[in-house]
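Asker:
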Amino acid sequence: MTHRIAILGASGYTGAELVRLIATHPAMRIVALSADRKAGQAMADVFPFLRHLDLPRLQKIDEIDFSGVDLCFCALPHATTQLVIDGLPRTLKIVDLSADFRLRDVAAYEKWYGQPHAAPELQAEAVYGLTEFYRDQIRGARLVAGTGCNAATGQYALRPLISAGVIDLDRILIDLKAGVSGAGRSLKENLLHAELSEGTHAYSAGGKHRHLGEFDQEFSLLAGRPVHVQFTPHLTPMNRGILANVYVDGDAAQIHATLAAAYAAEPFIQVLPLGQLPSTRDIRGSNFCHIGVIGDRIAGRAMVVATLDNLTKGSSGQAIQNANLMLGVEETAGLTLAPIFP
Numbered sequence: 036m037t038h039r040i041a042i043l044g045a046s047g048y049t050g051a052e053l054v055r056l057i058a059t060h061p062a063m064r065i066v067a068l069s070a071d072r073k074a075g076q077a078m079a080d081v082f083p084f085l086r087h088l089d090l091p092r093l094q095k096i097d098e099i100d101f102s103g104v105d106l107c108f109c110a111l112p113h114a115t116t117q118l119v120i121d122g123l124p125r126t127l128k129i130v131d132l133s134a135d136f137r138l139r140d141v142a143a144y145e146k147w148y149g150q151p152h153a154a155p156e157l158q159a160e161a162v163y164g165l166t167e168f169y170r171d172q173i174r175g176a177r178l179v180a181g182t183g184c185n186a187a188t189g190q191y192a193l194r195p196l197i198s199a200g201v202i203d204l205d206r207i208l209i210d211l212k213a214g215v216s217g218a219g220r221s222l223k224e225n226l227l228h229a230e231l232s233e234g235t236h237a238y239s240a241g242g243k244h245r246h247l248g249e250f251d252q253e254f255s256l257l258a259g260r261p262v263h264v265q266f267t268p269h270l271t272p273m274n275r276g277i278l279a280n281v282y283v284d285g286d287a288a289q290i291h292a293t294l295a296a297a298y299a300a301e302p303f304i305q306v307l308p309l310g311q312l313p314s315t316r317d318i319r320g321s322n323f324c325h326i327g328v329i330g331d332r333i334a335g336r337a338m339v340v341a342t343l344d345n346l347t348k349g350s351s352g353q354a355i356q357n358a359n360l361m362l363g364v365e366e367t368a369g370l371t372l373a374p375i376f377p
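Numbering of the sequence shown is given in this note's numbering, commencing with residue 36 and proceeding in unit increments.
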């Protein structure tokens, strides 16, 4: 069976990544693509790397006939998706890639995103989209909220350790490096080549990054008590990729064994042998997450390193993995492509 797919916000990076992945998906066909400023244009004009595909032209959202759509991906900017989804048919399956439904507590959403939640009744039905940990809920969901890419990386490194109680929950530090595509495709002065290249800088430091809301929500739920991690992201001059160095107190061998056991059956999570550390170059363009563990010279301390592609496993690939579950398709369908190297 072929499922009919719409992508809202197809002119952005995550929208283009969805198109790239769905192009070879055995059970999905794109029937509608939306854009705002680029409505009316051919996708090949917006993204020439997709010119070999036979795709519908970009159009305004209100021009799409959703009666012919089985599932809709929303790759729209944060703080716009709530009202858009609220206006879509209630029978339509939706995977949202924005931040608009990630936080279950609408007060927490207002705290981190600076405005009231515009669709609290929809928030009540949204399922958090970290696939490996919410599979059962995602299979039966109508609305799935994709995670933040930074939040996903940190959670893959830490969730099994928190659940197993093998680390000190009050001494967790996440030092993360992120590629520039995570900032979106809109023109920004600080993302110009001359201003970004040949340098790396911290941003949203000091507990200000919005993905801390997801860390607080998910880690505290796992632990059964408040867990607040220290988190500093850095913007690096690479197009794709996230690498998180997570510093914890615990035994390195026990930490590695816990992660290896937790992810042994996961098709997209690879735990490296103890002492080996991953690189962003090894997951580029793929739906894989690689995790490594190494001990410190100071006894009782360890570092967990997790890396994934922010546009794939951190966003669009994760979205398709969730959509596969929602549609009753093999979870790995369309997502087993090898990383790009070099």
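We put the beta carbon where it would ideally sit given N, CA and C, even for glycine.
Computed from a prediction, not measured in an experiment: that's the story for all the values here.
Any idea what DSSP makes of K95, helix, strand or coil?
Answerer: It is coil, neither helix nor strand.
Asker: Is it buried or exposed, E98, if we count other Cβ atoms within 10 angstroms and call 16 or more buried?
Answerer: Under this definition E98 is an exposed residue.
Asker: Assess, as a yes-or-no matter, whether the segment 74-83 is touched by the segment 113-120 under the definition of 3 or more beta carbon pairs within less than 8 Å.
Answerer: Segments in contact, no.
Asker: Checking 8 Å against the spacing of the C-beta atoms, do G164 and E249 come in under that value?
Answerer: Cβ atoms of G164 and E249: not closer than 8 Å.
Asker: From the DSSP output, in three-state form, read off S69 for me.
Answerer: In this structure, S69 counts as strand in the three-state DSSP scheme.
Asker: Restricting to runs no shorter than 3 residues, where is the beta strand (DSSP E) found entirely within the segment 88-151?
Answerer: 106-109 and 128-131, all fully within the segment 88-151.
Asker: Determine the burial state of H291: buried for a count of at least 16 other Cβ atoms within 10 Å of its Cβ, exposed for fewer.
Answerer: The residue in question, H291, is buried, as its Cβ has 16 or more Cβ neighbours within 10 Å.
Asker: Out of S69, H38 and D331, state which residue places its alpha-carbon closest to the alpha-carbon of G50.
Answerer: Ranking S69, H38 and D331 by Cα distance to G50 puts S69 first.
Asker: Cβ of G369 less than 8 Å from any chain D Cβ?
Answerer: Given the protein chain composition of this structure (a single chain), no chain D is represented.
Asker: Got a sec? Which residues, its chain only, sit under 7 Å from H152 by beta carbon, not counting five neighbours each side?
Answerer: Excluding sequence neighbours, H152 sits near Q117, V141, Y144, E145 and Q158.
Asker: Just checking, does the segment 275-282 make contact with the segment 302-317 on the three C-beta pairs under 8 Å criterion?
Answerer: Segments in contact, yes.
Asker: Tell me N280's beta-bridge partners as DSSP assigns them.
Answerer: In DSSP, N280 forms a bridge with D210 and V340.
Asker: Return the residue from the list N322, I326, I304 and A237 that minimises the CA-CA distance to F310.
Answerer: As written in the sequence, residue 310 is Gly, which differs from the Phe given in the question. Out of N322, I326, I304 and A237, I326 has the C-alpha closest to the C-alpha of G310.
Asker: Measuring CB atoms only, is the segment 292-309 touching the segment 192-211, in the sense that at least three cross pairs come out at less than 8 Å?
Answerer: A contact exists between the segment 292-309 and the segment 192-211.
Asker: Secondary structure at I290, three-state DSSP: helix, strand or coil?
Answerer: Helix at I290.
Asker: Under DSSP, the alpha helix (DSSP H) around R55 begins and ends at which residues?
Answerer: Here the alpha helix (DSSP H) through R55 covers Y48 to I57.
Asker: Starting from G175, trace the beta strand (DSSP E) both ways and give me its first and last residue.
Answerer: Looking at the DSSP string, G175 is not in any beta strand (DSSP E), and its letter there is neither H nor E.
Asker: By the three-class DSSP mapping on this structure, what secondary structure does Y163 have?
Answerer: Three-state result, Y163: strand.
Asker: For Q158, which three-state DSSP category applies?
Answerer: Looking at Q158 - three-state DSSP - the assignment turns out to be helix.
Asker: In three-state terms, what does DSSP make of L43?
Answerer: Reduced to three states, the DSSP call for L43 is strand.
Asker: Kindly identify the DSSP beta-bridge partner or partners of T267.
Answerer: According to DSSP, T267 bridges with D210.
Asker: Quick one: Cα of N280 to Cα of T235, how far?
Answerer: Whole-angstrom Cα-Cα distance: 16 Å.
Asker: Who are the near neighbours of D171 in its chain, counting only those whose CB is closer than 6 Å to its CB and skipping five residues on each side?
Answerer: So no residue of the chain qualifies.
Asker: Less than 8 Å between the beta carbons of A358 and V130, yes or no?
Answerer: Against a cut-off of 8 Å, the Cβ pair of V130 and A358 comes out as a contact.
Asker: Are the beta-carbon atoms of G181 and I209 separated by less than 8 Å?
Answerer: Contact: no.
Asker: Which of the three DSSP states is assigned to A296 in this structure?
Answerer: Of the three classes helix, strand and coil, the one that applies to A296 here is helix, per DSSP.
Asker: If you count every other CB in all the chains shown that lies within 10 Å of the CB of G285, and 16 or more means buried, which is it?
Answerer: The residue in question, G285, is buried, as its Cβ has 16 or more Cβ neighbours within 10 Å.
Asker: DSSP state of M273, grouped into three classes?
Answerer: Note: M273 maps to coil in three-state DSSP.
Asker: Could you pull out every residue in the same chain whose Cβ sits closer than 7 Å to the Cβ of A199, ignoring the five residues on either side in sequence?
Answerer: T293.
Asker: Since V162 contacts L127 with CB under 8 Å, what's their CB separation in whole angstroms?
Answerer: Contact doesn't hold; Cβ gap of about 15 Å is too wide.
Asker: Let me know the secondary structure DSSP gives A77 once reduced to three states.
Answerer: Of the three classes helix, strand and coil, the one that applies to A77 here is coil, per DSSP.
Asker: Per DSSP, M63 is paired with what?
Answerer: The partner list for M63 (beta bridge, DSSP) reads H38.
Asker: Taking G214 as the reference, which of I42, F84, L270 and F101 has the closest Cα?
Answerer: It is L270 whose Cα lies nearest to the Cα of G214.
Asker: Skipping 5 residues on each side, what residues in its chain have a beta carbon closer than 7 Å to that of Q150?
Answerer: Correct list, in chain order: A114.
Asker: Compute the distance between the beta-carbons of E366 and Q353, then report whether it is under 8 Å.
Answerer: Not closer than 8 Å, so no.
Asker: Pull the bridge partners of A237 from the DSSP assignment, please.
Answerer: DSSP output for A237 lists H269 as bridge partner(s).
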